[in-house]
Each structure stands twice: as C-alpha cells, then as structure tokens.
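Trainee: Going line by line, the protein sequences match chains A and B.
According to full-length UniProt numbering, the stretch in the first sequence is residues 1 to 399, in order.
According to full-length UniProt numbering, the stretch in the second sequence is residues 1 to 399, in order.
Structure provided below as structure tokens; questions to follow.
2 protein chains.
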Amino acid sequence: MRYAFADRVRHLQSSAVRDILKIVGKGDVISFAGGLPDDEMFPMKGIEEAFSRTFQSGKKSLQYAETEGYRPLREAIIERMARKGIKSYSADEMLLTTGSQQAIDLFSRIMLSPDDIVLTEDPTYLAALQVFKSYEAKVIAVDSDDDGMLPDDLEQKLKQYKPKCVYVVPTFSNPAGRVWSLERRKTLIDLVHKHNVVVFEDDPYGELQFLENETYTPLAALDDGTHVLYTSTFSKTAVPALRTGWIVGPYQVIRMMSQAKQANDLHSNSLAQQALYQLCRHFDLDGHIDHLIEVYKGRMEIMVKCLEEANVPGLKFVKPKGGMFLWLEVDESLDMAKLLPDAVSRGVAFVPGEPFYAGKPKKNTMRLNFTHATPEKIEKGITLLGELLKEVMAKQAVK
Amino acid sequence: MRYAFADRVRHLQSSAVRDILKIVGKGDVISFAGGLPDDEMFPMKGIEEAFSRTFQSGKKSLQYAETEGYRPLREAIIERMARKGIKSYSADEMLLTTGSQQAIDLFSRIMLSPDDIVLTEDPTYLAALQVFKSYEAKVIAVDSDDDGMLPDDLEQKLKQYKPKCVYVVPTFSNPAGRVWSLERRKTLIDLVHKHNVVVFEDDPYGELQFLENETYTPLAALDDGTHVLYTSTFSKTAVPALRTGWIVGPYQVIRMMSQAKQANDLHSNSLAQQALYQLCRHFDLDGHIDHLIEVYKGRMEIMVKCLEEANVPGLKFVKPKGGMFLWLEVDESLDMAKLLPDAVSRGVAFVPGEPFYAGKPKKNTMRLNFTHATPEKIEKGITLLGELLKEVMAKQAVK
C-alpha cells in the first residue's frame, strides 16, 4: 500500500550522515559525533536517592499530573534561574518539557505557519533547523562573528523578512562553541523590542562554563519578560534519560504551548520531575556541576593540545569557553561529509558541519564533542583524524 | 506585545469545561470526570523494584537513548500483544511514545495536511479530536450503533470523503464504553483494504475486560500489518506517571513517525522504559491486571446499581463490559454542560458529553469514570447527581 503522508513530512528526511553515525554507535569507533555527556559522570547515587524519596512520598507520585509539570520543580528551577539573573518569570510562566527539544517543537507548533520566517545564527543547532522546517517555516541566517549576530545585518533582516522569531544559542553555541558579547546581547534585545519580534534563547550548555571570572548574562535576564522565551534542560547537568527540560516566557505564549502540549502528550514523565525536584533539594547539584566542569574542561584542553600537535595545514578553531563542542574548520578543498566514511573506517567519527548551516554551508567544517570520550580516546581519535586530513591533503597536492 | 501565533492554534482553545474541572481537582468534590485509575491500586512495590533493577544495570541506563525506544521493552510488548493475536509486527515496527496520546499526535503530524478528512465514531475520544483539529484536519462522524460503525454509512463516507484515516476505539470506547462486534471489525478491515485507507486503532482499555468468556479481537489481529496502526499504553495497567505508550504499524509509517518524534522530543524517558521492561519480566503484571479488573468491575457494578436506584426518568446507559467509563444519556431537555456548575457546587463532577462529538452533539449526555472514586464515594456521588437531575426535571415540569 502507498501511504499518503502529509505535505509537511517532505521536510522530515533522515540524512546519510545520521545513518552512518547510527552504525558508529554500535562499533569500536572513537566517536566525537554525539552530543553526549560522559555516563561515568552521572550522579547515580543522587538519582537513586531522589527516586527513593519520591516513592516514599506515596502512590500519588505515580498518578496522572498537570500538563505544565510538577510545580515544586518549577519553583526550584525559578530559584536556580534567579541566581543567573533571570527574574522576570514565575512558576506559572514555565512549562516542563520532554527535554528542551520539546520546548523548541511546541514553540514552533504554536508560532510557525508555512512560509513564516525564523532568523538564526549560522551554523546553528541542527535539530532546531529540522523542527522549523517540519512546520514548513523558512530559515534565514543572520551574519555573525565570534561575538554574535552582526547588528546591522540583524536589523536589516528584521525589517526585510518580518520574522516570527529569532532563534539563538548565545552561550557555548552548538555547534560553533561561540559566546555572545554582552553588548551584542543588549543590542539584540533592543532590536527585537523595536521590531516586535520574540527571541527564542536556547541555553542547554550555559552551566558548563570553563572560565570562572567571566559572566555571560542570559538574554532572558536582559529582557522584561515580554520578548524572550528561554529554554534549558537537566540533560547536561544531571542526566539525559529523564528527558526533563523547561521553558519560561510570556504567560500568553506559555499558556498556548501548554495547550499544544496537552494535544502532544498530556504531560511529560512526572515521576522524573518529582525525582529531579528531590535532587535539587537534597543533592549538591552545584558541586556536581563544578566537578563536571573540571573534567570536561580538562578533556577540551587535551583535545586542543592534540589538534595543535597534529599540525594539520589550514586547520582553524576557537578554544571553547564552555559547553560540549569544538568547531573545526579545515582547508577549503576538503568536504568533511565525503571524508566521514573514510574516518569511520579508520576508527574515528565526527559530525560534518554542512547540516548545521541555515544558509550556504561551509563543507570544510566539522563538530567535535569533547565530553564523552576519555582522555586516552581523545588523544588516539585526534591523531587518527589528523593523519587522515594530512594524507588527503598530501594526495590532493600531488594531483 | 501582541504575539503572532500560527494559524493552527485557532483550534487550540481551552474549554470552559476543562477550566471547571481544573478547579474540581483541587477541592472536595467527588469527581467522576477524570480518566484516572485508582492511585491505591498502583503496584508501588513492583515499580520500586523495577527501578532498583534498572539502576543496578549501571550508569548507561541514564544516557541518551534511541528515538524508537528501549528495544527489550519493545520486544516484551511484542510478546504480550502476540497473546492477544497481534502477530504482524516486529520490534522494528514499533515506537515507544510518551503515552498513547503522543502516538495519536505523531501519527496525525505525519499524516494530516489541512483539510484532510478523518472518519471517527461519534462520540469519540475528545483529545484525539483536538489533535486532528490542531493539524487543521476535518473530522467526519460515521453513524454507529452499539456494535460499531454501520458498514453502509462507513463505505459511503469512505467513497465520498476519501479520508486519510479512520480513527476508532473498538474495545471499551472512550467515552461510550462500546465494544465492536467481531463482524463489524472484519467489515471495517475489508472496507479499508478496498478503499486503501489506514485505520488508527486506539486501545488503551482493552486489558480491562470484565467478562471472562468473551473475546474481543483487536483490529490489528485481523489485518496483515498493512492497514492498521495500533496503539496502547501502560498508563491503565501499570501507572500513568511513567507516560509510556507504544504504537505498531507498517514499517514506512512507523519510520516516518520516528523521524517526527526526533524533531518532537528526541526520545521519551528511557529510564521509565527500562523500568517497565523490568516490571514485565519480574512482576506478575497479569495477576495485577486481574486484580484491577476485579476491583474496577465491582465499582462499575456499584455505580450501575446506584444509577438504577436513583430512578431518574429518561436515564439510559449500557452496562460497560470493561474499561473505565460509563456513558449516560438523560432526558432530552437537559444540557449537561449547563448543569455542571450546579453539580460541582453540590459536590459531584462529570464530563458533559458535548465535546466528545465530532458531529452534532447530544447535549443530554455525560461521561462518568468509575475507577477512581471509592465505592462509598460512588454511592454518595451518584445520589447527589440523581437528586440534581430529578430536581431540575421537576422544575422544568412546573414551568
């Protein structure tokens, strides 16, 4: 039988890259591809205790629950966010979601009609691009440098395209590892107020900050609660399997998202929400995050050192100030998607940069994750990658 | 600021009924409104042990996981379904979802373009209607009697409307508590094959069967795996808070849904999936379901007895053969939505029948849940409801 799918699934194509990486997950290849935290770092004991406390609270903990999510956890998150300067929201202006991915999806579902425009950085989070496209919206890239979107280009595109929203990952962006300057953040807020557009601030990595003395103020802390939707998650700071993220924003938008969530799944796993509440209250989550930072920063530095020692001509990157990713640019002659099968057969995997681009892709780019592999594997994997790149370039030089 | 929502959210309106019932949840009102199982019946010890076993399996249990869901649980569900005669599917043709609600939503997302047609029973599951409308599809009701859809009307509407799918709850339907006859099930399968349309079989209640000697064959057991999507859930048999449902169907459709799920939330809570797998393997789930049946059947019988004793003129219902709901029809002069505030102020709540209708609503209907309230509360609540109905009718007679 021929199944008559909806028009919108034309945009839901599985990529060749994804298919290769699915195979990688099962083999002995050293993978810098996934966006995975290190399993060994998971606070298993804290999580077990948190569940145990939740079960002790009684059988009601296993019943259907509110679409908006477990209120005490929402309140605990409001407290945590206040310490980062985000103070414009109450628990009524928050929705707990199945990871921050669902926050991106629900927001898009209530906001984007076909042919609506979303402005993004370039490159930007691949799976956000997929969501926008799945609602048949159009994505327009704003020119950026290492400090964030360029104000002139942003304003010109706000005027020209009248977008529905601006999607940004201003702190330790995925994939580029960028951090926006405070000035650019303020300019963005000014411009969206001027042009009456909302910003969707995706901040899954903000807590993984490597430089103690710097401050990266979230956009949500610079706004008055009217123009910014802010999402984050416990996936990188606690554990991914509980799939618990959140979003705060203007009440009207959150309420509409809540109605969409009711249609989508009634509510997310509420046992996990209750356990995470117990974790916030009875476990030293901040101490745990400090430990994560120490370990991940160490791995990032090993990766940087190995990349420098690999001595690959034309290789460029900016040392990450936090997060989970390092973005590499190699000689313009190289197409990293085409080199992926070769790399995998030699025992190392990465994500080619191409699918992260909303505009014209730079094919000579790739994203490397430094949080999942051990230091030994990072050394070995970067050596393999460096050898491959140098060999391919040497061959090209001969031609 | 005025937020420019997408066109599709015109269909996402919170209802007055929902708002009233939200208040009910917080007070002392006896509620027959929610579709809740009884907390006291939750197998807390089994669930705790299942989580404990999962934690013992190691830290990998807390990592990101496959979009399709934990494979051993999918395999365990395949085994359970085979005992009900559903044998056309492998674990590759299954997706684990956040409750069966997400299965309805993802199916609709990949299948329904604006103005596409879905055929349904009438009345039918309210939240499915909301999903179809949220994708701007049109819902057409097929004429039905107590045995299911009427074949002539079904075939006529398959021809006339060329629908994208037929949505049915053939066993202990929500809200009407109907059970389709085997003959009507077979006819439906024949007709959808003839007209090349898929059936979406929603079966959350099938395991809560009160009459031992009857057999209700799922549509999925009558099909060859090409025309039926079948969804069910652990929410009614184990616990709702884990939000774990599943869907099986043709590989092409499941694969497309899996891609949509990746955009929607990457994957559902995988710790819950692993715990439910342990529950299936190490806990007597069938024995537990037998116990649920005994208790819920007892409550249904008390509700039926109280309704008969209430002696309300014009009151009609069919005694449920399973599931969680009893569907009441009262005198034609009564509008149950209008009577709801009165009922709540007297201390009893129900869901008015109107929003369950895809076609012209019968306003003199309501849905009563018999699984959540204790026998004492059922007696008291039905007495209150009966008094209200008789008083209102007596007043009308005076006018």
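For each residue, glycine too, the CB sits at the ideal point set by N, CA and C.
Relative to chain B, which residues along the stretch 78-101 of chain A have a C-beta separation below 9 Å, given in chain order?
Mentor: Within the stretch 78-101 of chain A, the residues whose Cβ lies closer than 9 Å to some Cβ of chain B are 97, 98, 99 and 101, listed in chain order.
Trainee: Which residue comes first and which comes last in the alpha helix (DSSP H) that contains residue 50 (chain A)?
Mentor: Start at 1 with the first residue of the first sequence, and residue 50 (chain A) comes out as number 50. Counting along the chain, the alpha helix (DSSP H) containing residue 50 (chain A) begins and ends at 44-56.
Trainee: At 3 residues or longer, what runs of the beta strand (DSSP E) sit wholly inside the stretch 274-362 of chain A?
Mentor: Entirely contained in the stretch 274-362 of chain A, the beta strand (DSSP E) runs reaching 3 residues are, in chain order, 325-329.
Trainee: Are at least three pairs of beta-carbons, each pair with one atom in the stretch 158-171 of chain B and one in the stretch 107-122 of chain B, less than 8 Å apart?
Mentor: As far as the Cβ criterion goes, the stretch 158-171 of chain B touches the stretch 107-122 of chain B, which means the pair count is three or higher.
Trainee: Is it the case that the Cβ atoms of residue 33 (chain B) and residue 317 (chain B) are separated by a distance below 7 Å?
Mentor: Along the second sequence, read from residue 1 onward, the residue named residue 33 (chain B) stands at position 33. Along the second sequence, read from residue 1 onward, the residue named residue 317 (chain B) stands at position 317. In this structure, residue 317 (chain B) does not lie closer than 7 Å to residue 33 (chain B) by Cβ.
Trainee: Would residue 50 (chain B) be called buried (16 or more neighbouring beta carbons within 10 Å of its own) or exposed?
Mentor: As a first step, residue 50 (chain B) is located in the second sequence; it is residue number 50 there, counting from the start. Per the 10 Å Cβ criterion, buried.
Trainee: To the nearest angstrom, report how far apart residue 271 (chain B) and residue 8 (chain A) are at their CA atoms.
Mentor: Here residue 271 (chain B) is taken as the residue at index 271 of the second sequence, counted from 1. Here residue 8 (chain A) is taken as the residue at index 8 of the first sequence, counted from 1. Cα-Cα distance, rounded: 31 Å.
Trainee: For the ligand GTP, is there a heavy atom less than 6 Å away from the beta-carbon of residue 130 (chain A)?
Mentor: The ligand content of the structure shown is nil, which means the ligand GTP is not present either.
Trainee: Judging by CA-CA distance, which residue of A:249, A:300, A:126 and A:64 is the nearest neighbour of residue 369 (chain A)?
Mentor: In the first sequence, the residue the question calls residue 369 (chain A) occupies position 369. That would be A:300, whose Cα lies nearest to the Cα of residue 369 (chain A).
Trainee: Would you mind listing the alpha helix (DSSP H) stretches within the stretch 200-255 of chain B that are 4+ residues and don't spill past its ends, in chain order?
Mentor: Segments of the alpha helix (DSSP H) lying fully in the stretch 200-255 of chain B: 219-222.
Trainee: Which same chain residues, not among the five before or five after residue 303 (chain A), have their C-beta less than 7 Å away from its C-beta?
Mentor: Indexing the first sequence from 1 puts residue 303 (chain A) at position 303. The residues are 326, 368, 370, 378 and 382.
Trainee: Looking at residue 97 (chain A): is its Cβ nearer than 7 Å to the Cβ of residue 267 (chain A)?
Mentor: Stepping through the first sequence from its first residue, residue 97 (chain A) is reached at position 97. Stepping through the first sequence from its first residue, residue 267 (chain A) is reached at position 267. Result no, Cβ atoms of residue 97 (chain A) and residue 267 (chain A) do not sit closer than 7 Å.
Trainee: Spatial neighbours of residue 342 (chain B) within its chain, please: CB distance less than 7 Å, with the 5 preceding and 5 following residues excluded, ordered by chain position.
Mentor: Position 342 of the second sequence, counted from the start, is the residue given in the question as residue 342 (chain B). The residues are 388.
Trainee: Does the beta carbon of residue 265 (chain A) sit closer than 7 Å to a beta carbon anywhere in chain B?
Mentor: For this step, residue 265 (chain A) is matched to residue 265 along the first sequence. Residue 265 (chain A) counts as touching chain B.
Trainee: Could you name each continuous alpha helix (DSSP H) segment of 4 residues or more that falls completely within the stretch 75-116 of chain B, going from the start of the chain to the end?
Mentor: Here the runs fully enclosed are 99-111.
Trainee: Between the stretch 71-78 of chain A and the stretch 97-106 of chain B, are three or more C-beta pairs nearer than 8 Å?
Mentor: Short answer: they don't touch.
Trainee: Below 7 Å between beta carbons is the criterion; list the residues of the stretch 298-325 of chain A that meet it against any residue of chain B, in chain order.
Mentor: Going along the stretch 298-325 of chain A in chain order, one finds no residue with a Cβ nearer than 7 Å to chain B.
Trainee: Should the stretch 144-155 of chain B be called in touch with the stretch 179-188 of chain B, which here means at least 3 C-beta pairs below 8 Å?
Mentor: Because the criterion of three Cβ pairs below 8 Å is met, the stretch 144-155 of chain B and the stretch 179-188 of chain B touch.
Trainee: Given a threshold of 16 other Cβ atoms within 10 Å of its Cβ, counted over all protein chains shown, does residue 198 (chain A) qualify as buried or as exposed?
Mentor: The residue labelled residue 198 (chain A) in the question sits at position 198 within the first sequence. Buried: at least 16 other Cβ atoms inside 10 Å.
Trainee: Are the CB atoms of residue 260 (chain B) and residue 12 (chain A) within a distance shorter than 7 Å?
Mentor: On the first sequence, position 12 is the one that residue 12 (chain A) refers to. On the second sequence, position 260 is the one that residue 260 (chain B) refers to. Result yes, Cβ atoms of residue 12 (chain A) and residue 260 (chain B) sit closer than 7 Å.
Trainee: Under the rule that 16 or more other beta-carbon atoms within 10 Å means buried, what is residue 251 (chain A), buried or exposed?
Mentor: Taking the first sequence and counting its residues from 1, one reaches residue 251 (chain A) at position 251. Classification of residue 251 (chain A): exposed, given that the 10 Å Cβ count is below 16.
Trainee: Are the CB atoms of residue 59 (chain B) and residue 42 (chain A) nearer to each other than 7 Å?
Mentor: If you number the second sequence from 1, residue 59 (chain B) lands on position 59. If you number the first sequence from 1, residue 42 (chain A) lands on position 42. Yes, the Cβ-Cβ distance between residue 59 (chain B) and residue 42 (chain A) is below 7 Å.
Trainee: Exposed or buried, which one is residue 192 (chain A) when buried takes at least 16 other CB atoms within 10 Å?
Mentor: Along the first sequence, one-based indexing puts residue 192 (chain A) at 192. By the 10 Å Cβ count, residue 192 (chain A) comes out buried.
Trainee: Taking the C-alpha atoms as reference points, what is the distance between residue 236 (chain B) and residue 202 (chain B)?
Mentor: In the second sequence, counting from the first residue as 1, residue 236 (chain B) sits at position 236. In the second sequence, counting from the first residue as 1, residue 202 (chain B) sits at position 202. Straight-line Cα distance between these residues: approximately 13 Å.
Trainee: What residue does the alpha helix (DSSP H) around residue 383 (chain A) start on, and which one ends it?
Mentor: Translated into positions along the first sequence, residue 383 (chain A) becomes position 383. 375-398 is the span of the alpha helix (DSSP H), which, as asked, contains residue 383 (chain A).
Trainee: Between which two residues does the alpha helix (DSSP H) holding residue 138 (chain B) run?
Mentor: Mapped onto the second sequence, residue 138 (chain B) falls at position 138. From DSSP, residue 138 (chain B) is part of no alpha helix (DSSP H) but of the beta strand (DSSP E) over 138-141.
Trainee: Measure the alpha-carbon distance for residue 295 (chain B) versus residue 238 (chain B) and round it to whole angstroms.
Mentor: Here the question's residue 295 (chain B) lines up with position 295 in the second sequence. Here the question's residue 238 (chain B) lines up with position 238 in the second sequence. Their backbone Cα atoms lie some 15 Å apart in a straight line.
Trainee: With distance defined between alpha-carbon atoms, name the residue in B:56, B:84 and B:37 nearest to residue 61 (chain A).
Mentor: Your numbering for residue 61 (chain A) matches position 61 in the first sequence. Among B:56, B:84 and B:37, the Cα nearest to that of residue 61 (chain A) belongs to B:37.
Trainee: What are the residues of the stretch 281-294 of chain A that lie near chain D, defined by any Cβ-Cβ distance shorter than 7 Å?
Mentor: Structure shown: chain D not included; protein chains present are A and B.
Trainee: Mind checking whether residue 245 (chain A) and residue 46 (chain A) have CB atoms under 7 Å apart?
Mentor: The residue labelled residue 245 (chain A) in the question sits at position 245 within the first sequence. The residue labelled residue 46 (chain A) in the question sits at position 46 within the first sequence. Contact: no.
Trainee: Going by beta carbon distance, what residues of the same chain come within less than 6 Å of residue 109 (chain B), once the five residues before and after it are set aside?
Mentor: As a first step, residue 109 (chain B) is located in the second sequence; it is residue number 109 there, counting from the start. Excluding residues within five positions, the ones whose Cβ falls inside 6 Å are 260.
Trainee: Would you mind listing the alpha helix (DSSP H) stretches within the stretch 175-202 of chain B that are 4+ residues and don't spill past its ends, in chain order?
Mentor: For the stretch 175-202 of chain B, whole alpha helix (DSSP H) runs of length 4 or above, ordered along the chain, are 182-195.
Trainee: Could you tell me the distance, in whole angstroms, from the CA atom of residue 1 (chain B) to the CA atom of residue 196 (chain A)?
Mentor: Here residue 1 (chain B) refers to the residue found at position 1 when the second sequence is read from its first residue. Here residue 196 (chain A) refers to the residue found at position 196 when the first sequence is read from its first residue. Approximately 7 Å, taken between the alpha carbons.
Trainee: Assign residue 262 (chain B) to buried or exposed, taking buried as 16 or more other Cβ atoms, counted over all protein chains shown, within 10 Å of its Cβ.
Mentor: As a first step, residue 262 (chain B) must be located in the second sequence, where it is residue number 262. The residue is buried, with at least 16 neighbouring Cβ atoms inside 10 Å.
Trainee: Shorter than 7 Å from the beta carbon of residue 194 (chain A) to some beta carbon of chain B?
Mentor: Within the first sequence, the letter at position 194 stands for residue 194 (chain A). By this cut-off, residue 194 (chain A) is not an interface position.
Trainee: With 16 other CB atoms within 10 Å as the buried threshold, where does residue 291 (chain B) fall?
Mentor: Translated into the one-based positions of the second sequence, residue 291 (chain B) becomes position 291. By the 10 Å Cβ count, residue 291 (chain B) comes out exposed.
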